[in-house]
Amino acid sequence: MATERHPFELAKGTNGLDKIILRESRGRSAEIYLYGSHVTSWKNENGEELLHLSSKAIFKPPKPIRGGIPLCFPQFSNFGTLESHGFARNRIWEIDASPPPLPSNSCSNAFVDLILRPTEDDLKIWPHNFELRLRVALGTEGELTLTSRIRNTNSDGKPFTFTFAYHTYFSVSDISEVRVEGLETLDYLDNLKNRERFTEQGDAITFESEIDKIYLSTPTKIAILDHEKKRTFVIRKDGLADAVVWNPWDKKSKTISDLGDEDYKHFLCVEAAAIERPITLKPGEEWKGRLELSAVPSSYSSGQLDPKKVLE
Ligand code: TA6
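If you're matching positions, the sequence shown starts at 1 in our numbering and goes up one per residue.
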């Protein structure tokens with residue numbers, strides 16, 4: 001099926017769920033389940049997995065898949081009355097055969113367009129007609145780009161308001177050896193302290209216990225440095241002002257039934273999001289939120305890094 005018309009493969013995944021496979025000529029790949037439009041795999045040219053999928057992930061609707069890149073829409077976490085992180089991550093999406101065009105710089109040879117529209121049941125819990133489009137593209141340098149477009153298709157003249165996140169689980173060698181750059185000195189809401197607002201102090205962010213923070217008005221580039229793997233993830237984002245950093249650590253992990261007890265050592269969630277200032281769309285209006293992830297080799301050891309070099 002990977003022809004010029006269909007630059008992707010359609011296959012059966014775990015429990016017979018439909019998935020899309022994107023392949024790039026140098027062996028890089030990505031996998032996306034129609035269930036949740038959920039990216040579950042992103043591999044580099046050496047076949048190394050760059051996303052973390054829970055060792056206990058359940059591929060059974062209505063439970064969302066744990067790991068990879070869940071999409072949070074129309075609500076992030078419990079910022080509203082819907083189920084946590086909204087319903088887009090546990091609906092079956094469709095392949096969008098004729099999406100409106102995107103600017104050519106977001107094109108690649110391997111991509112898929114997916115779409116979610118509300119069902120009658122969805123309209124009972126969130127009474128708004130919308131089209132949520134997602135393009136997942138694997139670029140020629142192995143970068144993974146997710147572009148979401150949300151359109152208000154209400155015919156009753158009513159606007160709607162939503163929050164959104166790409167809840168990305170990055171695979172890391174050892175959480176204790178990882179640092180995040182680009183968020184230092186920013187304000188954040190601490191989910192572990194009743195969402196009280198603080199200002200981050202000091203250098204890059206490192207990890208030695210549970211963290212669940214919503215950094216506000218963040219720059220468009222953030223880096224995750226994995227010294228052991230000699231790899232840096234560079235996160236570029238547009239339309240998504242906030243960035244959530246989450247790792248449940250040992251105790252919280254044991255309360256999450258579909259997360260292995262030791263998994264927390266090997267992932268870090270850094271989530272491009274729109275939370276503090278929810279997005280409001282009038283009928284006919286569209287919002288776009290773009291996330292580009294790249295994994296680049298890095299040869300620095302701790303303390304020798306010039307953040308500007310990573311972030312520029
Ligand atoms: O993004 C961080 C967070 O909202 C945490 O508070 C944590 O609960 C996590 O997401 C996972 O949420 P989930 O609903 O997938 O279990």
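All residues carry an ideal CB built from backbone N, CA and C; glycine is no exception.
Closer than 7 Å: residue i CB and nearest ligand 1 heavy atom
i: residue 180; result: no
i: residue 244; result: yes
i: residue 85; result: yes
i: residue 224; result: no
i: residue 77; result: yes
i: residue 271; result: yes
i: residue 64; result: yes
i: residue 156; result: no
i: residue 256; result: yes
i: residue 194; result: no
i: residue 167; result: yes
i: residue 90; result: no
i: residue 212; result: yes
i: residue 46; result: no
i: residue 191; result: yes
Among the options, nearest to residue i - alpha-carbon criterion
i: residue 168; options: 294, 16 and 27; result: 294
i: residue 272; options: 213, 124, 130 and 252; result: 213
i: residue 326; options: 284, 166, 277 and 50; result: With the chain covering only 1 through 312, there is no way to say anything about residue 326.
i: residue 282; options: 229, 99, 129 and 92; result: 129
i: residue 252; options: 95, 211 and 205; result: 211
i: residue 215; options: 207, 245, 204 and 70; result: 245
i: residue 185; options: 218, 164 and 174; result: 218
i: residue 27; options: 141, 202 and 235; result: 141
i: residue 228; options: 277, 159, 267 and 174; result: 174
i: residue 263; options: 280, 176 and 205; result: 176
i: residue 46; options: 269, 62, 58 and 29; result: 29
i: residue 192; options: 202, 180 and 209; result: 209
i: residue 66; options: 75, 85 and 80; result: 85
i: residue 206; options: 230, 189, 188 and 181; result: 181
i: residue 275; options: 94, 60, 11 and 79; result: 79
i: residue 164; options: 134, 231 and 266; result: 134
i: residue 237; options: 159, 123, 145 and 278; result: 145
i: residue 334; options: 44, 16, 203 and 224; result: Coverage of the chain is limited to positions 1 through 312, which leaves residue 334 absent and any answer about it impossible.
i: residue 98; options: 136, 113 and 55; result: 113
i: residue 37; options: 111, 221, 241 and 280; result: 111
i: residue 93; options: 20, 280 and 289; result: 20
i: residue 60; options: 89, 82, 76 and 42; result: 89
i: residue 384; options: 232, 8 and 270; result: What the structure shows of the chain is the stretch from 1 to 312, and residue 384 is not part of that stretch, so it cannot be assessed.
i: residue 103; options: 137, 202 and 13; result: 137
Per DSSP, cross-strand counterpart(s) of residue i
i: residue 237; result: 291
i: residue 38; result: 33
i: residue 14; result: DSSP lists no partner for residue 14.
i: residue 49; result: 43
i: residue 9; result: 21
i: residue 165; result: 72 and 273
i: residue 59; result: Paired residue(s): none; residue 59 is not in a bridge.
i: residue 157; result: DSSP output for residue 157 lists no bridge partner at all.
i: residue 67; result: 53
Closer than 7 Å: residue i CB and nearest ligand 2 heavy atom
i: residue 24; result: No copy of ligand 2 occurs in the structure displayed; its ligands are ligand 1 alone.
Segments assigned alpha helix (DSSP H), at least 4 residues, entirely inside the stretch 77 to 153 = 120 to 125
Alpha helix (DSSP H) runs wholly inside the stretch 244 to 289, at least 4 long, in chain order = 249 to 253
Contiguous beta strand (DSSP E) assignments of at least 3 residues, all confined to the stretch 167 to 249 | 169 to 171, 178 to 181, 187 to 190, 196 to 199, 211 to 215, 221 to 226, 231 to 238 and 242 to 247
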